[in-house]
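Input: a single structure, listed below in structure tokens.
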Amino acid sequence: MNKKIGLKHIFSKIFIGLMMFFFYLPIVYTVIFSFNSSKSLSKFTGFSFIWYERLFKSNDMMDSIFYTVVIAVLATFISTIVGTITAIGLSKSNKVLRGIVAQINDLPVMNPDIVTAIGLLMFFSSLAIKKGFITLLLAHIMFCIPFVILSVLPKLRSLDPNILDAALDLGCTPIKALIKVIVPQITSGILAGALIAFTMSFDDFVISYFVTGNGVNNISIMIYTMTKRVNPTINVISTLIIAVITIILVIINIAPIIKERKLKMEVKKNEKTS
Amino acid sequence: MKNFRTMVYPYIIWAFIIIVVPMLMIIMYAFTKQGNEVMNIRFTLENFSAFFEDAVFINVLKRSLVIAVLTTVICILLGYPTAYLMAKMKPKSQMLMVFLITLPTWINMLVRTYAWRGILEKNGLINNFLALFGIEPIKMLETTFAVVLGMVYNFIPFMILQIYTSLSKMDQSYIEAADDLGANKIQTFFKVVFPLSLPGVISGITLVFLPAVSSFFIPKLLGGGQFVLIGNVIETQFLTTGNWGFGSAISLIMSIIIILAMYLARYIDKKISAKGGDM
Numbered sequence: 001m002n003k004k005i006g007l008k009h010i011f012s013k014i015f016i017g018l019m020m021f022f023f024y025l026p027i028v029y030t031v032i033f034s035f036n037s038s039k040s041l042s043k044f045t046g047f048s049f050i051w052y053e054r055l056f057k058s059n060d061m062m063d064s065i066f067y068t069v070v071i072a073v074l075a076t077f078i079s080t081i082v083g084t085i086t087a088i089g090l091s092k093s094n095k096v097l098r099g100i101v102a103q104i105n106d107l108p109v110m111n112p113d114i115v116t117a118i119g120l121l122m123f124f125s126s127l128a129i130k131k132g133f134i135t136l137l138l139a140h141i142m143f144c145i146p147f148v149i150l151s152v153l154p155k156l157r158s159l160d161p162n163i164l165d166a167a168l169d170l171g172c173t174p175i176k177a178l179i180k181v182i183v184p185q186i187t188s189g190i191l192a193g194a195l196i197a198f199t200m201s202f203d204d205f206v207i208s209y210f211v212t213g214n215g216v217n218n219i220s221i222m223i224y225t226m227t228k229r230v231n232p233t234i235n236v237i238s239t240l241i242i243a244v245i246t247i248i249l250v251i252i253n254i255a256p257i258i259k260e261r262k263l264k265m266e267v268k269k270n271e272k273t274s
Numbered sequence: 275m276k277n278f279r280t281m282v283y284p285y286i287i288w289a290f291i292i293i294v295v296p297m298l299m300i301i302m303y304a305f306t307k308q309g310n311e312v313m314n315i316r317f318t319l320e321n322f323s324a325f326f327e328d329a330v331f332i333n334v335l336k337r338s339l340v341i342a343v344l345t346t347v348i349c350i351l352l353g354y355p356t357a358y359l360m361a362k363m364k365p366k367s368q369m370l371m372v373f374l375i376t377l378p379t380w381i382n383m384l385v386r387t388y389a390w391r392g393i394l395e396k397n398g399l400i401n402n403f404l405a406l407f408g409i410e411p412i413k414m415l416e417t418t419f420a421v422v423l424g425m426v427y428n429f430i431p432f433m434i435l436q437i438y439t440s441l442s443k444m445d446q447s448y449i450e451a452a453d454d455l456g457a458n459k460i461q462t463f464f465k466v467v468f469p470l471s472l473p474g475v476i477s478g479i480t481l482v483f484l485p486a487v488s489s490f491f492i493p494k495l496l497g498g499g500q501f502v503l504i505g506n507v508i509e510t511q512f513l514t515t516g517n518w519g520f521g522s523a524i525s526l527i528m529s530i531i532i533i534l535a536m537y538l539a540r541y542i543d544k545k546i547s548a549k550g551g552d553m
């Protein structure tokens, strides 16, 4: 009996191991070949930084990194503010209004990206808005706001409505009440929404690809257009993205654990002093 | 209190203009003739008949559906055991596994898909590995295999996480009850665990099938220029040919197929859950 369980255990470990291998093989592969000294994507000829140098010297690539970051920062900033304001309004409105907003927000979330993308393409073209930075930014704000609303709204629902009334009764102006009373209590939801918005914007390809133009490209579009030729700088840019995202995610996942430990330590200290 | 409600109105106006209007434009273009003045829009079904009468497009649609279904099935077959084993781990290992599975999904899809080119190439990693055993290089890049692999790779995390959530939320007393009542492990799995985890599988299917049907960069990156799926046809219509009416009609057809597939999945879910209740 024991032998059988042991065998099963080993088998499941191997299965999980293979799945993790499948998940991380392309990522590790990309990182390794970004340091390759030759153009080959399959033979590692030696360690070098030449593709990193190439990347930093390539105007197109640096421009695309610049646009990606600027668009992501602006779209996150604007959609976080608008999304939070809308969510607060929604938490105080009736079911009908909430239903309408939920339905509209579902459209870009549930529809395939390509459908949203062609809709925007036709929309911007018929308004004769020049395709480029502005259209890209508007599109990103459009698909980011629903995610901010979705992550802020649950936090607002769990708030005690009396707190706001108390603030107003005590002479707070509505705006002051919002900033000083409500916002501090939903910060975690706002931050989560901002993070989702940022990564959605940073990673977006399909919608950006259809709505941009006039040489304004983000990293994803650069990769897509460069894949026709063998180009190891793609590996470099990929490695940089992987590094940035991994660092952010590790920090986000570890920060609460550290915070918890600190709290525990403080509680212990307080217990000792008292 | 009423002051706060007005805070919603700007967004409603914005959302109507930038979300609803473009959707209405797709419908309008799909049903009207190109080149018309706005004032004399003429209703037509030409765009749809052009699609259904052309064997080329029908074949593309069929191929897209076959690949999406294949991707979904493989995602279930590989994702279910992964989620199942995860749910049985210690809480700390579970958290680590969720992190390890989520991490790649935050990295740009194009980046992850592009990486497979080097691995699948004629002189790539896999063929180099096979050469060690004296096996001739196999053509993998620019085949259906590569496209399905790319899709499974990109979309399986969603499947695993959905199934894992439904398995880890499951009330363990059901399993104990089945065990007490004399069911063996296989019976317990098929009569208790699997039916209870179906909602997770269904939402996993939604999250895999939808992007798999509409994806156009995975076939282009891993299938080569010759490998055309429905998403690639839409891309060409809008970015090369400039035929908005036809492109809108195709994306409308695709959306309808996706909606039908979703309803079918939900219907099956309900049927099976109802059957479980009878037993």
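Protein sequence lines correspond, in order, to chains A and B. Quick note: the first sequence, position 194, residue 194 per this note's numbering, numbers continuous. Quick note: the second sequence, position 116, residue 390 per this note's numbering, numbers continuous. Every residue gets a Cβ at the ideal spot worked out from N, C-alpha and C, and that includes glycine.
In whole angstroms, what is the alpha-carbon distance linking S126 (chain A) and E509 (chain B)? Reading the first sequence from its first residue, position 126 is the one you call residue 126 (chain A). Reading the second sequence from its first residue, position 235 is the one you call residue 509 (chain B). One C-alpha to the other measures close to 18 Å.
Who are the neighbours of F407 (chain B) on chain A, taking C-beta pairs under 7 Å? Residue numbering aside, residue 407 (chain B) sits at position 133 when the second sequence is read from its first letter. Per Cβ cutoff of 7 Å: no residues; F407 (chain B) is ~17 Å from chain A at best.
Would you verify that the beta carbon of I258 (chain A) is, or is not, closer than 8 Å to some beta carbon of chain B? Along the first sequence, one-based indexing puts residue 258 (chain A) at 258. Chain B contact via Cβ: absent.
Where the alpha helix (DSSP H) containing M360 (chain B) begins and where it ends: In the second sequence, counting from the first residue as 1, residue 360 (chain B) sits at position 86. M360 (chain B) -> alpha helix (DSSP H) spans A329 to A361.
Along chain A, which residues have their Cβ under 9 Å away from the Cβ of E416 (chain B)? The residue labelled residue 416 (chain B) in the question sits at position 142 within the second sequence. Those do not exist, as E416 (chain B) stays about 12 Å from chain A at its closest Cβ, beyond 9 Å.
Just verifying my parser: in three-state terms, what is the DSSP assignment at M1 (chain A)? The residue given as residue 1 (chain A) occupies position 1 in the first sequence. In this predicted model, M1 (chain A) has a pLDDT of only 45, less than 50, meaning its place in the structure is not dependable; the value taken from the coordinates is given anyway. Correct three-state label for M1 (chain A): coil.
So with Cβ pairs under 8 Å, would you call D203 (chain A) a contact of chain B? As a working note, residue 203 (chain A) is residue 203 in the first sequence. At least one beta carbon of chain B lies nearer than 8 Å to the beta carbon of D203 (chain A).
With H, G and I counted as helix, E and B as strand and the rest as coil, what does DSSP make of F49 (chain A)? Reading the first sequence from its first residue, position 49 is the one you call residue 49 (chain A). The answer is coil: DSSP assigns F49 (chain A) none of H, G, I, E or B.
Going by CA-CA distance only, name the one from B:C349, B:L538, B:A289 and B:I332 that's closest to L120 (chain A). Along the first sequence, read from residue 1 onward, the residue named residue 120 (chain A) stands at position 120. Checked all of B:C349, B:L538, B:A289 and B:I332; the closest Cα to L120 (chain A) is B:A289.
At 4 residues or longer, and completely inside the segment 188-243 of chain A: list those alpha helix (DSSP H) runs for me, N to C. 206-211 and 219-226, all fully within the segment 188-243 of chain A.
Provide the residue span of the alpha helix (DSSP H) that contains F491 (chain B), from first to last. Position 217 of the second sequence, counted from the first residue, corresponds to residue 491 (chain B). Residues F491 to G497.
Inspect the CB distances between the segment 367-382 of chain B and the segment 452-462 of chain B and report whether three or more fall short of 8 Å. Touching, no, given that fewer than three Cβ pairs across the two stretches are closer than 8 Å.
Would you call N397 (chain B) buried or exposed, if buried means 16 or more other Cβ atoms sit within 10 Å of its Cβ? What you label residue 397 (chain B) is simply residue 123 of the second sequence in a count that begins at 1. By the beta-carbon neighbour count (other beta carbons within 10 angstroms, threshold 16), N397 (chain B) is exposed.
Within chain B, partners of F23 (chain A) - CB distance below 9 Å: Position 23 of the first sequence, counted from the first residue, corresponds to residue 23 (chain A). Near F23 (chain A) (Cβ distances below 9 Å), the residues of chain B are L374, I375, L377, P378, Y427, I430 and P431.
For the putative contact between F483 (chain B) and A535 (chain B), defined by C-beta atoms under 8 Å, what is the C-beta separation to the nearest angstrom? Reading the second sequence from its first residue, position 209 is the one you call residue 483 (chain B). Reading the second sequence from its first residue, position 261 is the one you call residue 535 (chain B). Indeed, because the Cβ distance is near 6 Å, the residues count as touching under 8 Å.
Coil, strand or helix - F483 (chain B) by DSSP: The residue you call residue 483 (chain B) lines up with position 209 of the second sequence. Three-state result, F483 (chain B): helix.
Can you find a CB in chain A that lies within less than 8 Å of the CB of P473 (chain B)? Position 199 of the second sequence, counted from the first residue, corresponds to residue 473 (chain B). Taking Cβ atoms only, chain A never reaches closer than 8 Å to P473 (chain B), which makes this a no.
Around the C-beta of N333 (chain B), are 16 or more other C-beta atoms found within 10 angstroms, so that it is buried, or is it exposed? Walking along the second sequence from the start, residue 333 (chain B) turns up at place 59. The residue is exposed, with fewer than 16 neighbouring Cβ atoms inside 10 Å.
Name the chain B residues whose beta carbon is nearer than 7 Å to that of S42 (chain A)? As a first step, residue 42 (chain A) must be located in the first sequence, where it is residue number 42. Within 7 Å Cβ-Cβ: G392, E395, N397, G398, L399 and N402.
So with Cβ pairs under 8 Å, would you call M553 (chain B) a contact of chain A? Mapped onto the second sequence, residue 553 (chain B) falls at position 279. In this prediction, M553 (chain B) scores a pLDDT of 41, lower than 50, which makes its location untrustworthy; the coordinate-derived value is nonetheless stated afterwards. Not an interface residue.
Should Y67 (chain A) be labelled buried (16 or more other beta-carbon atoms within 10 Å of its own) or exposed? Position 67 of the first sequence, counting from 1, holds the residue named residue 67 (chain A). Buried, since its Cβ has 16 or more Cβ neighbours within 10 Å.
Which of the three DSSP states, helix, strand or coil, is assigned to N36 (chain A)? Taking the first residue of the first sequence as 1, we reach residue 36 (chain A) at position 36. In the structure shown, N36 (chain A) sits in a strand (DSSP, three-state: E or B).
For a contact meaning CB atoms closer than 7 Å, what does Y282 (chain A) contact in chain B? Absent from the model: residue 282 (chain A). The displayed extent of chain A is 1 to 274, so no value can be given.
When burial is assigned at 16 or more other CB atoms within 10 Å of the CB, is F170 (chain A) buried or exposed? Taking the first sequence and counting its residues from 1, the one referred to as residue 170 (chain A) is at position 170. Here residue 170 (chain A) turns out to be Leu, not Phe, going by the sequence shown. Under this definition L170 (chain A) is an exposed residue.
Keeping to the same chain, check which residues put their C-beta closer than 8 Å to that of V422 (chain B); ignore five residues upstream and five downstream. For the purposes of this step, residue 422 (chain B) is identified with residue 148 of the second sequence, where counting begins at 1. Spatial neighbours of V422 (chain B) in its own chain (CB-CB distance under 8 Å, excluding positions within 5 residues in sequence) are listed in chain order as I341, L344, T345 and I348.
With C-beta atoms as the reference, is L377 (chain B) less than 8 Å away from T246 (chain A)? Taking the second sequence and counting its residues from 1, the one referred to as residue 377 (chain B) is at position 103. Taking the first sequence and counting its residues from 1, the one referred to as residue 246 (chain A) is at position 246. Taking 8 Å as the Cβ cut-off, L377 (chain B) and T246 (chain A) qualify as a contacting pair.
Minimum C-alpha distance to A451 (chain B) - residue among B:S489, B:T439, B:V466 and B:S440: In the second sequence, residue 451 (chain B) corresponds to position 177, counting from 1. For A451 (chain B), the nearest C-alpha among the options comes from B:V466.
Starting from the beta carbon of I508 (chain B), find every residue of chain A whose beta carbon is closer than 7 Å, and list them in chain order. Indexing the second sequence from 1 puts residue 508 (chain B) at position 234. In chain order: I114 and I118.
Smallest Cα separation from P161 (chain A): which of A:K13, A:Q185 and A:F47? In the first sequence, the residue the question calls residue 161 (chain A) occupies position 161. When each option's Cα is compared against that of P161 (chain A), the closest is A:Q185.
Just curious, the alpha helix (DSSP H) that N414 (chain B) is in, first and last residue? The residue labelled residue 414 (chain B) in the question sits at position 140 within the second sequence. Looking at the sequence itself, residue 414 (chain B) is Met, so the reference to Asn does not match. In this chain, M414 (chain B) is not harboured by any alpha helix (DSSP H), its DSSP state being neither H nor E.
DSSP on T306 (chain B), reduced to helix/strand/coil? Taking the first residue of the second sequence as 1, we reach residue 306 (chain B) at position 32. Here T306 (chain B) sits in strand by DSSP.
Under the three-state DSSP convention, the category F317 (chain B) falls into: Working through the second sequence from its first residue, we reach residue 317 (chain B) at position 43. In the structure shown, F317 (chain B) sits in a strand (DSSP, three-state: E or B).
Please report the straight-line C-alpha distance between I114 (chain A) and S471 (chain B), rounded to a whole angstrom. Here the question's residue 114 (chain A) lines up with position 114 in the first sequence. Here the question's residue 471 (chain B) lines up with position 197 in the second sequence. One Cα belongs to I114 (chain A), the other to S471 (chain B), and the distance between them is close to 31 Å.
Every unbroken beta strand (DSSP E) inside the segment 498-549 of chain B [3 residues or more]: none
Separation of K57 (chain A) from Y354 (chain B), as counted between CA atoms: By 1-based counting over the second sequence, the position of residue 354 (chain B) is 80. By 1-based counting over the first sequence, the position of residue 57 (chain A) is 57. Approximately 46 Å between the Cα atoms of the pair.
Using DSSP with H/G/I as helix, E/B as strand and the rest coil, what is F123 (chain A)? As a first step, residue 123 (chain A) must be located in the first sequence, where it is residue number 123. In the three-state scheme derived from DSSP, where H, G and I count as helix and E and B as strand, F123 (chain A) is classed as helix.
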